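Residue numbers (full-length UniProt numbering), protein chains in the order written: chain A, 1 to 251; chain B, 1 to 251. Below: the structure, in C-alpha cells.
Number of protein chains: 2
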Amino acid sequence: MAGRGGMAGLKQVQRQTGVALWRQIADRIREAISTGAYDETGMVPPETMLALQFGVNRHTVRSALAALAQEGIVRAVQGRGTLIERKERLNFPITRRTRFTAGIGDQAREMRGLLLDEAQEEASAEIARWLGLKPGEQVIRLETLRQADKRPVSRATSWFPAERFAGIGAAYRTGESITKAFADLGLPDYVRATTEVTAAHASAADMADLELTPGAILLIAKAMNTDLEGVPVQYSISRFAADRVQFTIEN
Amino acid sequence: MAGRGGMAGLKQVQRQTGVALWRQIADRIREAISTGAYDETGMVPPETMLALQFGVNRHTVRSALAALAQEGIVRAVQGRGTLIERKERLNFPITRRTRFTAGIGDQAREMRGLLLDEAQEEASAEIARWLGLKPGEQVIRLETLRQADKRPVSRATSWFPAERFAGIGAAYRTGESITKAFADLGLPDYVRATTEVTAAHASAADMADLELTPGAILLIAKAMNTDLEGVPVQYSISRFAADRVQFTIEN
DNA sequence: TTAAAATGTCTATTGATATAGACAACCATA
DNA sequence: TATGGTTGTCTATATCAATAGACATTTTAA
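Laid out in C-alpha cells, this is it:
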C-alpha cells in the first residue's frame, strides 16, 4: 500500500485545486474504510490524529467526517470516537454468462430492479451498429435502476430490437430482471458478447438516482448480449457507483 | 445521451459540495470532448454560451477552461474561440492473452515502460494468496510507469515469486515490457487468469506520476497472470488515468 | 471518583471561490 | 473598413473553505 520509496502516504491532499480539502479527505477515508484499513478497531482514527496525518486543521477533518456521516458510512459518538457503519463492496463478475441479479447472488439479501422509463425510438447510428440493425430501425429503450438491499447500485440504459422484444418493458417491470424478461418473451438463454469498461464522474441525473454526491465516480460498463446464435439481443450502458462495486473478469 | 425524460443535461453542476464549480465544469467539458461532442467545429462553445448552459458566471467558465488549457486539452485564441487540442482514448483489451504493450498496439506510435523502483520483500497475506505462496515468502516488487507517445498511461505495482524470477527488474529495465522480461527469464508464454476492475480517486503519488490533477479518476485493474500450467507468475495492481483509456472485455 | 481522551460548539480571521459589470483586444467577414 | 462575435483584463463584492484557539460534553479506564 505504501508509495514508491516505502514512505507512507502522508500529505495526500492538495490545496487550490478546486476540490475542497474536506472532500479530498472524505474520499481518502472512504477508500481506507472500503479496503479494510480500520477493520481492527472498527473505528476511524481520532480527529486530532487524522488532522496531523493529512496536515490540516481538526475542523477540516470534522467537515470530512460530517460528510461521511451524512452518507451513512460512519457515525460519530461523543467521548468514544467515530464508528464505521458499512464497508461492503459488491463483486460483479463479468463472464460469458454475466447476469446482474444472479451475479450479485448471495452478496445481498434483497435485489431489486426498477423500471424508471420506457420508450420506443429510432436506433442511432451507434445503437444500430451494436444491435446489428440499420440506423432508424425501431428499438425499445429501458431506463432501469438496480438496488441491493435498498441501496442503489447501478443505473442502466438498455436498448432492444423493438420487433423481437415488444413488451419487454412490462416484462421487466414484473420480473425486475432482464433475464426473466427475456425468458417471458421466449428467449430462455443469452450470452455476454462484449463489455467495455470506463470510469467517469457522475452526471446530475445519475447522482440523484444513485444517491451520490458531486465528485463521485462511476464505473461504466457498455455491454452487448447475444442469443445462442450470436444475434445481438441487447445493448446496455450501466453506470455503477464505483465505491459500491468491483468487476471481476475471469478468463 | 439525454437523461431520463429526454431533457438535455442542463444544470449539471451543484453548489456547496466541496467541489468547486469551475472544476465540475472542467470535468464535464473534458468528458464532452472525449466523447466527441464538439467534433463538428473542433472548438468548445463560446464562454458566454457555456456560462448560460451551466447556469454560472462567465468568469467561472473561464476558470474551467484555464484548467483545461493547463492540461493541454484546449487552447484559447483571442477573437476566435477555444480550440480542442487532443481527444484520444486508448483501448485496452482484456482477454486471456492480455499484454499491455501488444494490447495498445498501433494506437500509439511509441510505447515505453519505465522501472521506477524495485524491491525484494516478504509477501503479505494478500499477495501470498494471489501468487499461491506462503505469507512471508520472498517476492520481487516492481513499480512501473507505462507511457504511450510520451504520455503517462498507467502506474503499476507488480509482484513476482522471487525465487523463480530473480533479476526480473533488470530484464524489465532493458526490455521495457513484462512479456520480454518473462521471455528473458525462460518463460516464453503466460496467460491472464483473473482481472478485477475498480475505480477511485488518484493518490498524490499517482497524480504526480500520471500527471493528473486532484479529482482525477483512476481505473484500477488488479490482475493475476499464470504460466501455461496455471501456476501464478505475477500479481499486479495497475492504475490507469481514466480519461485516457477504456477496457474492452471480449467473451 | 478522577483523569485522559474523544467528539461537540462557539468566535474570529484569512484566503479561495463565485458573481457582477465594464471595457479592451483581437479575429473573421460582410 | 466597419461590425459582430469572441477572448482578455480589471475592479468590486459576497459567500464558502480553512485555520486558530478556547472550552464544553461525553465516554472509558485507571
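Glycine is no exception: its CB is placed at the ideal position from the N, C-alpha and C atoms. Computed from a prediction, not measured in an experiment: that's the story for all the values here.
Below-8 Å beta-carbon distance, residue i vs any chain B residue
| i | result |
| --- | --- |
| glutamate 31/A | yes |
| glutamine 14/A | yes |
| glycine 9/A | Here the model assigns glycine 9/A a pLDDT of 38, short of 50, so the residue's position is not dependable, and the following value carries that caveat. Yes - at least one Cβ of chain B is within 8 Å of the one on glycine 9/A. |
| glycine 3/A | Only weak support exists for where glycine 3/A lies, its pLDDT of 31 falling under 50; the coordinates are left without a value. |
Contacts around residue i, its chain only, beta-carbon distance under 6 Å, and the 5 residues preceding and following it disregarded
| i | result |
| --- | --- |
| threonine 195/B | Ile94, Ala221, Ala223 |
| alanine 108/A | Ala148, Asp149 |
| tryptophan 22/A | Thr60, Ser63, Ala64 |
| glycine 175/B | Ala181 |
| leucine 133/B | Ala123 |
| isoleucine 237/B | Thr157, Lys222 |
| glutamate 110/B | Asp149 |
| aspartate 184/A | Ala171 |
| glutamate 211/B | Pro152 |
Within-8 Å CB hit, residue i to chain A
| i | result |
| --- | --- |
| alanine 156/B | no |
| threonine 213/B | yes |
| phenylalanine 247/B | yes |
| glutamate 47/B | no |
| glutamate 250/B | yes |
| isoleucine 104/B | no |
Pair within 8 Å by beta-carbon distance, residue i and residue j
| i | j | result |
| --- | --- | --- |
| asparagine 91/A | threonine 248/A | yes |
| alanine 125/B | proline 135/B | yes |
| isoleucine 178/A | isoleucine 140/A | no |
| valine 153/B | alanine 242/B | no |
| arginine 244/B | leucine 218/B | no |
| isoleucine 25/B | valine 44/B | no |
| alanine 76/B | alanine 69/B | yes |
| threonine 213/A | threonine 17/B | yes |
| glutamine 53/B | alanine 204/A | no |
| arginine 146/B | glycine 186/B | no |
| tyrosine 155/B | aspartate 206/B | Here residue 155/B turns out to be arginine, not tyrosine, going by the sequence shown. Closer than 8 Å, so yes. |
| isoleucine 127/A | tyrosine 38/A | no |
| glutamate 250/A | alanine 200/B | no |
| arginine 89/A | glutamine 246/A | yes |
Distance cut-off 7 Å: residue i Cβ against heavy atoms of the ligand NAP
| i | result |
| --- | --- |
| arginine 96/B | The ligand content of the structure shown is nil, which means the ligand NAP is not present either. |
Sequence-distant residues of its chain with Cβ nearer than 7 Å to residue i (five each side left out)
| i | result |
| --- | --- |
| glutamate 143/A | Leu116, Asp117, Thr157 |
| threonine 98/B | Arg192 |
| threonine 226/B | Tyr190, Val191, Ala193, Pro232, Val233 |
| glycine 103/A | Phe92, Pro93 |
| glutamate 121/B | Val139, Arg141 |
| threonine 35/B | none |
Spatial neighbours of residue i in its chain, beta-carbon cut-off 8 Å, leaving aside the 5 residues before and after
| i | result |
| --- | --- |
| glutamate 47/A | Arg58, Val61, Arg62, Leu65, Thr82 |
| arginine 96/A | Val191, Arg192 |
| arginine 173/B | Leu115 |
| alanine 51/A | Asn57, Arg58, Thr60, Val61 |
| leucine 228/B | Asp189, Tyr190, Val191 |
Report task. Select from the segment 193 to 205 of chain B all residues with a C-beta closer than 9 Å to any C-beta belonging to chain A, and list them in chain order. Result -> Ala193, Thr194, Thr195, Glu196, Val197, Thr198, Ala199, Ala200, His201, Ser203, Ala204, Ala205: these are the residues of the segment 193 to 205 of chain B whose beta carbon lies less than 9 Å from some beta carbon of chain A, given in chain order.
Query raised in the report: At a Cβ cut of 9 Å, what residues of the segment 171 to 193 of chain B count as close to chain A, listed as they run along the chain?
Result: Taking 9 Å as the Cβ-Cβ cut-off against chain A, the residues of the segment 171 to 193 of chain B that qualify are Val191, Arg192, Ala193.
Query raised in the report: Given a limit of 8 Å on CB to CB distance, which residues of the segment 138 to 151 of chain A reach chain B?
Result: Within the segment 138 to 151 of chain A, the qualifying residues are Glu143.
Query raised in the report: Using a Cβ cut-off of 7 Å, which residues of the segment 17 to 31 of chain A contact any Cβ in chain B, in chain order?
Result: The segment 17 to 31 of chain A vs chain B, Cβ under 7 Å: Thr17, Gly18, Val19, Ala20, Trp22, Arg23, Gln24, Asp27, Glu31.
Query - Against chain A: residues of the segment 232 to 243 of chain B by CB proximity under 7 Å - result: So the list reads Ala242, given in the order they occur along the chain.
**Report entry** Residues within the segment 92 to 103 of chain A neighbouring chain B, beta-carbon criterion of under 7 Å
**Finding:** So the list reads Ile94, Thr95, Arg96, given in the order they occur along the chain.
**Report entry** Complete runs of the beta strand (DSSP E) confined to the UniProt domain "HTH gntR-type" (19 to 87) of chain A [at least 3 residues]
**Finding:** Taking only runs of at least 3 residues, the beta strand (DSSP E) segments lying wholly in the UniProt domain "HTH gntR-type" (19 to 87) of chain A are 74 to 77, 81 to 84.
Query raised in the report: Taking only runs of the beta strand (DSSP E) that begin and end inside the segment 119 to 189 of chain A, which ones reach a length of at least 3 residues, in chain order?
Result: List check, beta strand (DSSP E) in window: 138 to 148, 151 to 161.
Query raised in the report: Going along the chain, which unbroken runs of the beta strand (DSSP E) with 3 or more residues stay wholly within the segment 208 to 245 of chain A?
Result: The segment 208 to 245 of chain A contains these whole beta strand (DSSP E) runs: 217 to 226, 232 to 241.
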